[in-house]
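Letter by letter, the sequence shown follows residues -18 to -1, 1 to 193 of mature numbering (1 follows the signal peptide of the UniProt record, and there is no 0).
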Amino acid sequence: MRFVYLLILFCLAQPTFAAVYTYTDSEGNRIFTDNPPKGTQAKPVTIQPSNSMPSPAAPRTIKLSPANPDIHKSAKPSIPEPAQIASYQMLRILVPEPDATIRSNAGELIVTATSDPELMPNHFYRLILDGQPAGAPGRSPVFPLENLDRGTHQIAIEITTEEGVVIERTPSQPFHMKRMSLSQRRLANPCKDDDWGIRPECPLSEKPEEE
């Protein structure tokens, strides 16, 4: 067995297969060598090729580096970006213009707004009059107002979600409502006999006594 081990070690140490011979020395020992001494009856030994298996390929390690963003994208799991909140490029009031004077004896005004882009789904317009919502939010950018008091008022337009979250808002802008008083209306259009008790500016309590 010692000679067999020597033969195996000898074969492994050789980069290529060399001729191997065997013979028996004078003491009766079996000798294996590639250079048998002269005068010995050395015989060549046939060595079968070993059944070697190819080594498995080592796993490839990718080093992530900021200098190679493509490797980062392929090696790291993608993280979804947070959804962006919808926004508008423009929101403004068309009517009335800032600091406009409105003359209406009935105190009527139609406020009109516009936005860019157009109103998105599940969004609503809301009119703010003197710091308070004027009516419920709606899809229409037109807001008719009636019986506004004389004087200066502040208006603004908001875009809100169904939950009432304000997405956009215009700056507050003033307008001035001019309404004729009853006495001014009587002066402009005097009351006649048939007007008393009919026209608001001609109440029966102020009807002059007949002679």
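Think of the CB as a built atom: it goes at the ideal place given N, C-alpha and C, for glycine as much as any other residue. For clarity, every value in this text was computed on a predicted model and none was experimentally measured.
Starting from the C-beta of Ala24, find all residues in its chain whose C-beta is less than 7 Å away, skip the five residues before and the five after it, and write them out in chain order.
The sequence position of residue 24 within the sequence shown is 42, counting from 1. Only Tyr3, Thr4, Tyr5, Pro18 meet the Cβ criterion.
Mind checking whether residue 195 and Phe125 have CB atoms under 8 Å apart?
With the chain represented from -18 up to 193, any question about residue 195 goes unanswered, as that position is not in the structure.
Report the residue from Gly146, Pro123, Asp131, Pro172 whose alpha carbon sits nearest the alpha carbon of Val77.
Stepping through the sequence shown from its first residue, residue 77 is reached at position 95. Considering only alpha carbons, the answer is Pro123.
Among Pro119, Glu128, Phe157, nearest to Ile141 - alpha-carbon criterion
Numbered from its first residue, the sequence shown carries residue 141 at position 159. Closest option to Ile141, Cα to Cα, is Pro119.
My output table needs one value for Asp177: the three-state DSSP class, helix, strand or coil.
Taking the sequence shown and counting its residues from 1, the one referred to as residue 177 is at position 195. The answer is helix: DSSP assigns Asp177 an H, G or I state.
Just mark Ala95 as buried or exposed, buried being the case when its beta carbon has 16 or more other beta carbons within 10 Å.
On the sequence shown, position 113 is the one that residue 95 refers to. By the 10 Å Cβ count, Ala95 comes out buried.
Please classify Val148 as buried or exposed, where buried requires at least 16 neighbouring CB atoms within 10 angstroms.
Position 166 of the sequence shown, counted from the start, is the residue given in the question as residue 148. Flag for Val148 reads exposed.
Same chain, Cβ closer than 8 Å to Pro99, neighbours up to 5 away in sequence not counted
For the purposes of this step, residue 99 is taken as the residue at position 117 of the sequence shown. Taken in chain order, the residues that qualify are Tyr70, Gln71.
Return the CA-CA distance between Ser86 and Lys160, expressed in angstroms with no decimal places.
Counted from its first residue, the sequence shown places residue 86 at position 104. Counted from its first residue, the sequence shown places residue 160 at position 178. Rounded to whole angstroms, Ser86 to Lys160 spans 6 Å at the Cα level.
Can you tell me whether DSSP reads Arg132 as helix, strand or coil?
Against the sequence shown, residue 132 aligns to sequence position 150. Arg132: coil per DSSP, three-state reduction.
In this structure, how does DSSP classify Gln71 when only helix, strand and coil are distinguished?
Counted from its first residue, the sequence shown places residue 71 at position 89. Gln71 falls in the coil class under three-state DSSP.
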